[in-house]
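Residue numbers (full-length UniProt numbering): 1 to 150.
Backbone N, C-alpha and C define an ideal beta-carbon position, used for all residues, glycine too.
Below you'll find the structure, written out as structure tokens, and then a few comments.
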Amino acid sequence: METKIIRVAQGKQSTLSQLYINGVFQCYLLEDKIRTEKIKEHTAIPTGTYSLQLNTWGAKNVNYKKAFGKVHQGMIEITGLPNFSYVYIHTGNTIEDTAGCPLCGFGFQLIQGDYRVNQSVMAYQMIYPKLVALAKNKANKISIENNFQF
Numbered sequence: 001m002e003t004k005i006i007r008v009a010q011g012k013q014s015t016l017s018q019l020y021i022n023g024v025f026q027c028y029l030l031e032d033k034i035r036t037e038k039i040k041e042h043t044a045i046p047t048g049t050y051s052l053q054l055n056t057w058g059a060k061n062v063n064y065k066k067a068f069g070k071v072h073q074g075m076i077e078i079t080g081l082p083n084f085s086y087v088y089i090h091t092g093n094t095i096e097d098t099a100g101c102p103l104c105g106f107g108f109q110l111i112q113g114d115y116r117v118n119q120s121v122m123a124y125q126m127i128y129p130k131l132v133a134l135a136k137n138k139a140n141k142i143s144i145e146n147n148f149q150f
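Put into structure tokens, the structure is as follows:
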């Protein structure tokens, strides 16, 4: 399966993307601002090709197990990133809800120059099983590219 994150817009401190699996749009993603020099917990993932894995340890995993029950098999982690670790696709609506991780949502808004995503939990519940299946395939790849539209 081919998985892509395509960045389509930039706000003052935010980046709006679209997630595609096998060429089909799944949801929007929200990240921090793209920066040439990384600022810890305030920088979008660099463009490139990486892998997904299930992370089954850590506090975030425990919290998601409580919130999502048996459905939760681990956090969807993007691995192989230069100078980044523990980058998960997870729920949240604004850049205040992330520390460099993509947040998922079914819609978006531009408020005072920054993007936010809406219906994050619903979007996460819809894409999570698909991302788990991808993460379980050791040969999986996820590409991140910039293609700004607005």
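| message | Tell me the residue span of the alpha helix (DSSP H) that contains Ser-120. | response | As a position in the sequence shown, residue 120 is number 120, starting the count at 1. That run of the alpha helix (DSSP H) goes 120-136.
| task | Give the range of the beta strand (DSSP E) segment to which Phe-108 is assigned. | result | Stepping through the sequence shown from its first residue, residue 108 is reached at position 108. Under the DSSP assignment, Phe-108 falls in the beta strand (DSSP E) whose first and last residues are 107-111.
| Which class does Gly-48 belong to by DSSP, given the choice of helix, strand or coil? | Locating residue 48 in the sequence shown gives position 48, counting from the first residue. In the structure shown, the three-state DSSP call for Gly-48 is strand.
| task | Mind checking who Asn-55 pairs with in its DSSP beta bridge? | result | Counted from its first residue, the sequence shown places residue 55 at position 55. Residue pairing by DSSP places Asn-55 opposite Met-75 in a beta bridge.
| request: Check whether the Cβ of Leu-29 sits closer than 7 angstroms to any heavy atom of the ligand GDP, and report yes or no. | output: Absent from the structure shown: the ligand GDP. Ligands present: none.
| For the putative contact between Leu-103 and Leu-52, defined by C-beta atoms under 8 angstroms, what is the C-beta separation to the nearest angstrom? | Here residue 103 corresponds to residue number 103 of the sequence shown, with the count starting at 1. Here residue 52 corresponds to residue number 52 of the sequence shown, with the count starting at 1. Between Leu-52 and Leu-103 the Cβ distance is about 16 angstroms, and since that is not below 8 angstroms, they are no contact.
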